[in-house]
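J.: Sequence order for the protein chains is A and B.
Everything in the first sequence is counted per full-length UniProt numbering, starting at 1 for the first residue and increasing by one.
Everything in the second sequence is counted per full-length UniProt numbering, starting at 1 for the first residue and increasing by one.
Number of protein chains: 2
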Amino acid sequence: MRNVLLILSALLMLAGGLIAPANATTSAEAQTELPPLFRAEVKRAKQFVDGMIEQGVVVPVPKDPGGGYTHEQHKRNFRAIYQGGQLYRVTGDETYRNYVRDMLLAYADLYPTLGDHPAKANQNVGRLFWQVLNDAMWLVHAVQGYGEIRDTLTEAERTRIDGDVFRPAVKFLSVDSQRTFDRIHNHATWATAGVGMTGYLLGDQDMVDRALLGSDKSGKAGFLRQSELLFSPDGYYTEGPYYQRFALLPFVVFANAIEKNEPDRRIFEFRDGILSKALTTTIQLSYGGYFFPFNDAIRDKSLNTAELYEGVAIAYAQTRDPGLLAIAEFQDRTVLREEGLLLASDLAGGKAKPFDFRSMLLSDGPEGDAGAVAILRHGAGPKHTALVAKNSSQGMGHGHFDKLSWQYYDNGREIVRDYGAARFLNIVAKEGGRYLPENESWAKQSIAHNALVVNEKSHFDGNVKVADTFAPTQLYFSAKPELQISTASIDSAYRKQSVSMLRSLALLNVEGLDAPVAVDVFRARGKGDLQFDLPLHYSGHLMRVGFETQSNVAARPVLGDSNGYQHIWVDAVGQPDADNAFATWLLDGRFYTYRFVPNAGQEVILAESGANDPSFNLRRERIIIQRVQGVDSATFISILEPHGLYDGATEQTIESDSRIASLRYVTQGEYDLVIVETLTGEKTVLAISYDNDSGKAHRANVDGRQVTWTGYAGRIVLAGGGN
Amino acid sequence: MRNVLLILSALLMLAGGLIAPANATTSAEAQTELPPLFRAEVKRAKQFVDGMIEQGVVVPVPKDPGGGYTHEQHKRNFRAIYQGGQLYRVTGDETYRNYVRDMLLAYADLYPTLGDHPAKANQNVGRLFWQVLNDAMWLVHAVQGYGEIRDTLTEAERTRIDGDVFRPAVKFLSVDSQRTFDRIHNHATWATAGVGMTGYLLGDQDMVDRALLGSDKSGKAGFLRQSELLFSPDGYYTEGPYYQRFALLPFVVFANAIEKNEPDRRIFEFRDGILSKALTTTIQLSYGGYFFPFNDAIRDKSLNTAELYEGVAIAYAQTRDPGLLAIAEFQDRTVLREEGLLLASDLAGGKAKPFDFRSMLLSDGPEGDAGAVAILRHGAGPKHTALVAKNSSQGMGHGHFDKLSWQYYDNGREIVRDYGAARFLNIVAKEGGRYLPENESWAKQSIAHNALVVNEKSHFDGNVKVADTFAPTQLYFSAKPELQISTASIDSAYRKQSVSMLRSLALLNVEGLDAPVAVDVFRARGKGDLQFDLPLHYSGHLMRVGFETQSNVAARPVLGDSNGYQHIWVDAVGQPDADNAFATWLLDGRFYTYRFVPNAGQEVILAESGANDPSFNLRRERIIIQRVQGVDSATFISILEPHGLYDGATEQTIESDSRIASLRYVTQGEYDLVIVETLTGEKTVLAISYDNDSGKAHRANVDGRQVTWTGYAGRIVLAGGGN
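#1: Taking the Cβ atom as the reference point for each residue, do L559 (chain B) and V570 (chain B) lie within a distance shorter than 8 angstroms?
#2: If we count Cβ pairs, one from each stretch, closer than 8 angstroms, do we get three or more for the region 315-333 of chain A versus the region 347-360 of chain A?
#3: Where do the ends of the beta strand (DSSP E) carrying K527 (chain B) lie?
#4: Applying a beta-carbon distance threshold of less than 9 angstroms, which residues of chain A neighbour K301 (chain B)?
#5: Hey, N563 (chain B) and K457 (chain B): beta-carbon distance below 8 angstroms or not?
#6: Can you tell me which of the three DSSP states I298 (chain B) falls into?
#7: Use the C-beta contact count for A28 (chain B): other C-beta atoms within 10 angstroms, 16 or more gives buried, fewer gives exposed.
#8: Using a Cβ cut-off of 7 angstroms, pull out every chain A residue sitting near K430 (chain B), in sequence order please.
#9: Suppose you measure from the CA of T281 (chain B) to the CA of L173 (chain B); what does that come to, to the nearest Å?
#10: Would you grab the beta carbon distance between N439 (chain A) and A467 (chain A) for me? Rounded to a whole angstrom, and I think it's under 8 angstroms.
#11: Using beta carbons (cut-off 8 angstroms, strictly below), is F401 (chain A) in contact with chain B?
#12: What is the rounded straight-line gap between the Cα of G412 (chain B) and the Cα of I639 (chain B)?
#13: So L356 (chain A) is in the alpha helix (DSSP H); what residue range does that whole segment cover?
#14: Around the Cβ of T650 (chain B), are there at least 16 other Cβ atoms within 10 angstroms (buried) or fewer (exposed)?
#15: Beta-carbon within less than 7 angstroms of W190 (chain A)'s beta-carbon, same chain only, minus the 5 sequence neighbours each way: which residues are those?
#16: With three or more C-beta pairs closer than 8 angstroms as the rule, is the region 610-626 of chain B touching the region 538-557 of chain B?
#17: Roughly how many angstroms lie between the CA atoms of P65 (chain B) and D647 (chain A), to the nearest whole one?
#18: Taking the beta carbon of W709 (chain B) as the centre, do at least 16 other beta carbons fall within 10 Å, making it buried, or is it exposed?
#19: Report buried or exposed for A121 (chain A), applying the criterion of at least 16 other Cβ atoms within 10 angstroms of its Cβ.
#20: Counting only beta-carbon separations shorter than 8 angstroms, does L559 (chain B) have a partner in chain A?
#21: Would you verify that the beta carbon of F616 (chain A) is, or is not, closer than 8 angstroms to some beta carbon of chain B?
#22: Mind listing, in chain order, the continuous beta strand (DSSP E) runs of no fewer than 3 residues lying wholly within the region 431-512 of chain A?
#23: If I measure Cβ to Cβ from S302 (chain A) and keep anything under 8 angstroms in the same chain, skipping five residues before and after, which residues do I get?
#24: Is the shortest distance between the beta-carbon of L640 (chain A) and the beta-carbons of chain B less than 8 angstroms?
#25: Is V140 (chain B) close to chain A, meaning its C-beta is less than 8 angstroms from at least one C-beta of that chain?
#26: For a contact meaning CB atoms closer than 8 angstroms, what does F553 (chain B) contact in chain A?
#27: Within the continuous beta strand (DSSP E) that includes E269 (chain A), where are the two ends?
#28: Quick one: list the residues of chain A neighbouring N426 (chain B), beta-carbon separation under 7 angstroms, in chain order.
#29: Does W569 (chain B) get closer than 8 angstroms to chain A when you measure Cβ to Cβ?
#30: What's the C-alpha gap between I283 (chain B) and L475 (chain A)?
#31: Ordered along the chain, which non-local residues of its own chain (more than five positions away) have a Cβ less than 8 angstroms from that of D491 (chain A)?
#32: Between A193 (chain A) and V253 (chain A), what straight-line distance do the alpha-carbon atoms span, to the nearest angstrom?
#33: Give me the chain A residues within the contact set of A247 (chain B), using Cβ-Cβ distance strictly less than 9 angstroms, ordered along the chain.
#34: Using the beta-carbon count (16 or more within 10 Å), is S656 (chain B) buried or exposed?
#35: If you follow the alpha helix (DSSP H) that H141 (chain B) is in, where does it begin and where does it stop?
#36: Report the CB separation of L645 (chain A) from R659 (chain A) in whole angstroms; it is logged as a contact under 8 angstroms.
Right, here's the structure in full:
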C-alpha cells in the first residue's frame, strides 16, 4: 500500500516536472497507472537489480582486462547503481536506495587506493578498468544513479561518496587523463559527459566549465567543440552508423543534463539542433531496423540497442516527433527516466506515427564538405526499396577502402550487400571476439565492396593515413519521384594511375515496369595499361545467366593473391555481348536481374567469398565482377531490376524472367544517356548532363530522335515500337 | 438489402444443417454475422471469380500441355466453377449461379467433341488436359460447384449438363481410362472421388459403387481399397509428407461426400478413422509450419496449402480437435463450405488450443511393417527441438536413397538438413520448373543425406525397383522424458558387400545441461575392404573445429566423380583424435557442437555442396563427413549438443563453446554404452541392450563402476569427479 502511494507521488513528481499543460491528458493517464512500456522496463530493471542485491555488494580490486571477471563485475555494478537509483525514484522502495548507497560507499573505500589498472595496455589506462574509456562510462552511469538518491543520504554519507568516489574520478578523467579528455573523439565525449554531470550534481561549476570548454576552458576542446566537430551539419558521424550509435549516448545524456541545469544554454538548439539531428540521422541510416553496415560494423546491430533507448526518449521529449514513438514501439524498450515515462505514455495514448524514412543527402565532415551519404528510398514500410550511395570520407581507423560504393535494399532484404566487419562479437572461438585477421585481408579491401578496383589494389593502396586526407566530392543529389539520382567523384584513390572516378546511382521509374530500376553509371578515366574490376556483392540464388560461361567444375581456383583477391573463389567466367549481358537471381520470393553494357573485351567473373580461409572466418557470399583489362579508361553502365514473385506455398511464380529487352548506352559530348527498353517496347531514357545549372536545357539524339531535358539529369520516355 | 437477407437465410440453412444442439451459441453467432476467417475467404473468392466473370466464359479447345494457355485456362475454369457455386450458396447472388451455369453449358458444347488430348505424352492421356490426372481434378472441383446450383436450374439445363458434361466425364475416367481408375495410386483416388461425387449428385448408384469398389465393383480397387493400401495404419503415406499433402485432398473431400450421402457407411470410422488420422499425421510431419522435406519435396511447402485448408476444415467437423483450429489460425485460410464456417466460428469463439505436436512412431506400409518414421520432440512451441529418424521405405519413384537418415530441428530452424528435391517450381529459367538433372545426380543420392554410404555408391546402387522391394526394420521406439530413442536396421542397402546397418537415434537429457543432446549410435557390419562415409548436412557458420585440418586454400577440389560425390567441394580434411573430435557452428543465435568418437584411422572431411554445377542449380550447404577406409565394419558414435546464445543486438554471448568435456564409447557383449561427461564432471550414460524384453535387467561396467538398467535402453547418471 505504502509503495503504491509512493509510486503515485513519484509519478506526480515526474509528471509535474514533465508534462506541459497541452498534455494534461497524458498527466492524468500517468497518474492512474504506469503505461505498459514503462511498466515492463521497471520489471526488467527490478529483475536485474534484485539479482545484484541478492549477491550483495561486490566491489573487487581491479585486475582483469576486458571480458575478465573484475571488468565485467564493475560493468554490472555501474548498471546496478544507475538502474537502482532510477528504481528508487520510481518505486520509492528504500531497498534500492540503500543498495546504491552501500555500493557507492564500497567504492569510496576502494577508489582512493587505486593507481593505474594492472592490465594497462597503452597510455590510455584506467583505474577501475584497463582503459580510461570504461572508467568514463562507469562515471556517466554511476553519477546518474547517485543523483537519484543523493538528497536522501546523511551529510556524512554524501561527504564520503562525493569526496572519495566522484571528485577523484573526475580528477582522474579530466586532469590525470587530460590527454584523452581534451581530444576531439567519442572517448573524450564520455569523459566530458561524466565530468560535467558530476559537476551539476555536486554544484561544482569548475567541473562543468571544463567539461563544456575543455580542461583549459578555452573552448578548443570539451563537449561543445566535440558537438561542432564530431558530427556533420546533417548529423552524420564520420565513422558510420554503427559507431554513431555508440558515440551518441554521452552526447544526448549530457545534453539532457545541461538542458535541465542550464536551460538558458538552449543546448538542443546548439548548432541548429545538431544533437537531435544526430539521433534522427542515426535512425535514417537503417533499413528494416538494421544499420547500414558501413565500415567495421557488426551487421546484426539494430535499432534495438541501449544507446538508442536513451536517445529516442530524450529526443522525443525535445521534439515530440511522433515517428520516434514508432521507433520505440519497434524497440519495445525505453528508459527509466521521466523522458521514458512521457514516451511510454504517448505511445500508450496512440500518438505514434510511422517514422519518416525518406530520401536524403547526408554530408560528411564538420563543415559538410568531406563527401556524403546519399539515401534514395522508394515506397514505404518494411518492404520498401532503398539505394545507398556511400560517398563519405574514410572515417578513420574503422573505415573501409570503399569509395563510391553502394548498397541496395528491397522486399525487406539487403540485395546488394556490404560485408561489414569480419568479427564475431564476444565469441571466444573467434579470436576472443576481437576483429579477425580477415577484417584487414578481406572486409576492408576495395574488392570486398561494390567499388571500382584498379590493378587489383585497394583504394589509397590500403593506407588509412592517406585515405583519411581525401574524400569524394558529392556533385549532385535529387530525389524527384520518377528519377532519384546521386553523383559523386574522387580522383585520389589511385593517384599513381591518375584514375578519376565518376559514379551516378539512380532509382529510375521505367515506363511499363511496376518498380523502379537501380541505374549505375560509372566513368573511370586513368593513364596507362590498367585493369578495372567492378564487383557486385549480392544476396540470392542464380536463376539464369544470360551469357555462356566457362565453369570451374573440377577444381575451384582463387582469383588473386592479395588485397582481398586471395579470398575469392572463381565459379565461372564469361564474355557477354550486348544482348546477353545479364544475370537473374532469386531471393526470398523476389527476382533480381543485374544487366550491363559490356565494354569491348569485357570479362565477367562469377565468384564467391571464402577462399584462403582455413579458420572458416568468412561468410560465403556471391559476387559478380565486371572486368576490363589493358585500357586506360572504361565506362560501366549497369542496372538492377527487381521483378516477379515466387511463392512456394501457393506454388505461384510470376515474371521470373526480366521484363527488360535491352540496355544501351549513348554518350554525346559530356552527356551520358542510358536507354532501357522493355519487352513491350517502351523506351525510358536516363540522360545526364553533369551540368548543375537547373534551368539549362539540353538535347541529344537517341535512335535518330531528339530527346530534351532540363538541368543535371532527366528522364525521357520514348513511345515504343518506333511510333 | 435483398442480398443481406439471402446471406442470412443461407447462413441459417448452413448453420441448421451444421450445428449440433451443443453448439447453439455458434449457430446464434453465425446468424448474426460471418466470422472473420470465413468472411475473408468470401472476399478472396469474390476477387477471383468476379475477375473470371469479367473475362466472360472462356472454354478453349484443348491444345497445350502443362503450363500452356489452354491448360491453365481449364484449371482456372474448374476453380471458378467450384468457388462460383460456393459463392452462390453463401451470398445467394445469382450472378454466380448464372456464371457457373453458362460455363458448364459451354463445356456441354465442347466436351462431346473431344478425343484424346493433342499433347498426349503417354497412355494416361486426358481429354481437357494432357494427362488424365488433371481431368480427374477438373471433375472433383466442377462437380462440387455444380452441386451448389444444380437444383436451381431448369430441367433442360440440368439434362444438358448432366448428359453432355458429367456423364461423359465419368465414362471417360472410369471406363475409357479404366487402367488408371483401378490403380492403387493417388491418381486413381482423384478419379474415384470425381466419379463417386458425380454419382451422388446425379443419384447414380452405379457410379458410386464403381468409385467405392472399383470398376468391377469387386472391392479389389476403388476408393475403399485405396484407403486401405495407400496409408499405413498410422496414416503415413509412403511417398512422404510433401506428396501426402497432395494425395490427401480427394480422400477427405470424397469421404465428406460419402458421410453426407451415406452416413451409415461411417466412412470416417473406416479402418479405425484412417482418413482423419492421415490428416493429423500430415500435420505431425512438420516443424515450424513446414513439412519434413523427405524425398522429392519442395522445401518451402508449408501447412499453408489448399489441400490442407479443405482437410483441416473437414477433419475439424469430424473430430472437433481444437488443435486443428490453431492450424487454421496459422494458415489464416479456410474453405467456403459449411465445415469452413463451423471452423471459422469456433476459431472466432476462442476455442483454439495449440496443436498437439508430440513424439510418435509412424509405421510405413499398408500393414505397417515397411519401416517407419520416428519423431522425437522436446519442449513445445516454435522453438522446440525435434529429431526425425527416416526409417521408412523407398516410397516409389519420388523416393531418395536415404535409408536410416535423420534430421534435427531446434530454435525454430532446421539444423541437420535434408536437401529435398533439386527443383525450382514453375521457374522457367530452371528447366521450366521441372525436376532438375541434379535431382538425380545429387538430391536422390545417399551422400546427399545424413545416411551411411559404402564405397561411394548409393543405397541399392541407386536402383528404385530394387529399393522399393526392401524396407528398414524399426526395432524399437520409446519417448520417455529423459531418454527418447529410436532404433532401426537394414541389411539390404549394400547386399554385394553384405553390409548390415543398425542405427539408434536418441534425445538424451545430459545431467548438468539445460537441453537434451541428440545421440547417434551407428553400427555398420560388412565384408571385405570397405569405405564408410557418414555425412552430416548442417546449417550454420563454423565457429570452432577441434582438430587440426589441412585446408584447400589455393584451389578447391571435388570429392569424387559420381553418385553425388562429384557435387561436393572439399574445404579441408583432418584426422581427429578422441579429445578433439568436434566442430561447433552458429546458427541464428544458437550454437551447436557435433562431437564424435573417431574410429582408428578415421578421417573427417569438411565440405560443401555445389561442385560440378555449371548452371548454379544447387544450393551450397555445409557437410561434415566421417570417413573410415579399409575396414569391413565400423561403429560411429556422434552427438549433437545445442548450447549458448548469441545476441548481436544486446552484444551478449553466452556459452559459445561446448559444455561437454568428453564423449566415450564402450561396448560390452551386445551392449553399447555412450558416456557423456560435462565440463563440470557430471557423467551421463546411454546404455543400449538391444533387448526388447522391457522387464529384463542389464548391467555393465563404466569406469570401473557397475551401471544397471532395465529393458532396451537406459539413462544412467554417474556422480561426477569420482565422488
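Backbone N, C-alpha and C define an ideal beta-carbon position, used for all residues, glycine too.
T.: Straight from the coordinates:
#1: yes
#2: yes
#3: Per DSSP, K527 (chain B) belongs to the beta strand (DSSP E) from 517-538.
#4: G648, A649, E651
#5: yes
#6: Note: I298 (chain B) maps to coil in three-state DSSP.
#7: Residue placement at A28 (chain B) cannot be trusted, given a pLDDT of 36 that sits under 50; what the coordinates show is reported in the next sentence. It is exposed - the Cβ of A28 (chain B) has fewer than 16 other Cβ atoms within 10 Å.
#8: M543
#9: 30 angstroms
#10: That pair is no contact at about 16 angstroms.
#11: no
#12: 20 angstroms
#13: At residue 356 (chain A) the sequence reads Asp, which differs from the Leu that was named. Here D356 (chain A) belongs to no alpha helix (DSSP H), and DSSP marks it neither H nor E.
#14: exposed
#15: L133, A136, M137, V140, P250
#16: Taking a contact to require three or more Cβ pairs closer than 8 angstroms, the region 538-557 of chain B and the region 610-626 of chain B qualify as touching.
#17: 22 angstroms
#18: buried
#19: exposed
#20: Cβ-Cβ to chain A under 8 angstroms: no for L559 (chain B).
#21: yes
#22: 473-480, 483-494, 499-508
#23: S286, G289, Y290, F291
#24: no
#25: no
#26: Strictly speaking, residue 553 (chain B) in this sequence is Val, with Phe absent from that position. V558, A611, N612, D613, P614, listed in chain order.
#27: It is not in any beta strand (DSSP E) - E269 (chain A) carries neither H nor E in the DSSP assignment.
#28: E651, T653
#29: For W569 (chain B), the answer is yes, since a Cβ of chain A falls inside 8 angstroms of its Cβ.
#30: 59 angstroms
#31: S498, V499, S500, M501
#32: 8 angstroms
#33: Those within 9 angstroms of A247 (chain B) in chain A number zero; the least Cβ separation is about 16 angstroms.
#34: With a threshold of 16 other beta carbon atoms within 10 Å, S656 (chain B) meets it and is buried.
#35: 132-149
#36: No, L645 (chain A) and R659 (chain A) are not in contact; Cβ-Cβ is about 13 angstroms, not under 8 angstroms.
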